[in-house]
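Sequential numbering from 1238 applies to the sequence shown in our numbering.
Every residue gets a Cβ at the ideal spot worked out from N, C-alpha and C, and that includes glycine.
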Amino acid sequence: MNIELKNIQVNERMSEETNAFTATLYINGKKVGYAKNHGIGGPTDYAADPFHDQEANKLIQEAEKWCQQLPPEKSDFSDMSLPMDLEFYLDILVEKFLLEKDSKKKTKRMATHILFGDKLRYIEVTWGKNWPISKMIERPDGQAMIRKTLAELKVKYPTYKLLNTNIPQELL
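Structural data, given as structure tokens:
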């Protein structure tokens, strides 16, 4: 079973307790309907568009049954496991979309910033007019600035770690 969300639009300003989003729901490559969440802690809604045929409703029902047979999802924060259903599966797809989007943003920012943090949050440090890290690495004074900055960050934020992948090991 292939369940996808396309055209995902997340409204971070509206996201209070859950991710506020709208998306187009595809099952086995066929556009069947929509999924949405208002971001206030309620459920994720999904349904076939009224314009779709009975096949769309049937595919949604098959997806619901398929998801219920999946193993429970383990929590990142406790020993709990949550049973899988289509609503939860869609929420996970939105979370993966947001993580990928954040990863792309981080990769782009690493070109000119030191990123120091953890899974949930990070700080950014840069010099001057966003000097490229690659240019700083080429210069002895730039290397010294990177080393000094990293040492200060490690003291100030002992539980955080360097997220950059573009800083050579010898500067760490």
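Residue pairing of Gln1406 in beta bridges, as defined by DSSP: absent, with no partner found. DSSP places Asp1328 in the helix class (H, G or I) of the three-state scheme.
A distance below 8 Å separates the beta carbons of Leu1319 and Ser1312. Spanning the alpha carbons of Leu1242 and Ile1297 requires a straight line of approximately 13 Å. Ranked by Cα distance from Ile1277, the first of Asn1248, Val1269, Lys1338, Lys1341 is Asn1248.
Non-local C-beta neighbours of Ala1285 in its own chain, meaning closer than 7 Å and more than five positions away in sequence, comprise Val1269, Gly1270, Ala1293, Asn1294, Ile1297, ordered along the chain. One alpha carbon belongs to Lys1372, the other to Asp1328, and they sit about 41 Å apart. Taken through DSSP and simplified to helix, strand or coil, Leu1357 comes out as coil.
The residues Ala1348, Thr1349, in chain order, have a CB closer than 8 Å to that of Pro1369 in the same chain once the five nearest residues on each side in sequence are set aside. With 16 or more neighbouring CB atoms inside 10 Å of its own CB, Asn1256 falls in the buried class. Within the segment 1238-1306, the alpha helix (DSSP H) runs of at least 4 residues that lie entirely inside it are, in chain order, 1291-1305. Here Asn1403 is exposed: its Cβ has fewer than 16 other Cβ atoms, across all protein chains shown, within 10 Å. Nearest to Asp1339 by C-alpha distance, out of Tyr1326, Leu1357, Leu1399, Lys1273, is Leu1357. With contacts defined as CB atoms closer than 8 Å, Thr1344 and Val1362 fail to qualify as a contacting pair.
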